[in-house]
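Working notes, structure below.
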Amino acid sequence: MSDLTRINHEMRTAAIRTALRNHPFLLDKLITEDGQFNIGATPEKLDLDEPADILVRIAWDIWNGGGETEFEKILTHLPHDDFTAFIDSMSEFLRLRKKIHFSYITGAEND
């Protein structure tokens, strides 16, 4: 695994932890004991009600780097604390983007 891939995984996982900080039971389902994202814990398999379903979909969108979570649901259906956690997770995601951009610009990573 390249340094950029490792950093990418670590920072996406950190953003997911931030987004789900108010829901430890979701973190337990989505992050394995060794700190990896559990790709078997899909929203469909977990079959949760809102807002937990929205949060799991956000976590998947963060992991995939994009996705299908409707922004309207984030704005109108998440409780205030979860919305704040989502905004904070995007700050984590911004740090990831800057690191990736810097790695490519400096030539530190070219894959």
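Each residue of the sequence shown is one higher than the one before, counting from 13 in our numbering.
Just so it is clear, CB atoms sit at the ideal spot from N, CA and C, and this is done for glycine as well.
Using a Cβ-Cβ distance cut-off of 8 Å, the stretch 18 to 32 and the stretch 84 to 104 are in contact, since at least three pairs of beta carbons, one from each stretch, lie closer than that value.
Taking a cut-off of 8 Å for Cβ pairs, the stretch 109 to 123 and the stretch 39 to 48 do not touch, as fewer than three such pairs fall below it.
Counting C-beta atoms within 10 angstroms of its own C-beta, residue 117 has fewer than 16 neighbours from the protein chains shown and is therefore classed as exposed.
By the 16-neighbour rule on beta-carbons within 10 angstroms, residue 88 is exposed. Under the three-state reduction of DSSP, residue 66 is assigned to helix. The alpha-carbon separation between residue 53 and residue 59 amounts to approximately 10 Å.
When the five nearest sequence neighbours on each side are left out, no beta carbon in the same chain lies closer than 7 Å to the beta carbon of residue 78.
For the pair residue 95 and residue 21, the Cα-to-Cα distance works out to about 23 Å. Using a Cβ distance threshold of 8 Å, residue 63 and residue 38 do not count as a contacting pair. Excluding its 5 nearest sequence neighbours in each direction, residue 33 has C-beta neighbours in its own chain below 6 Å: 97, listed in chain order.
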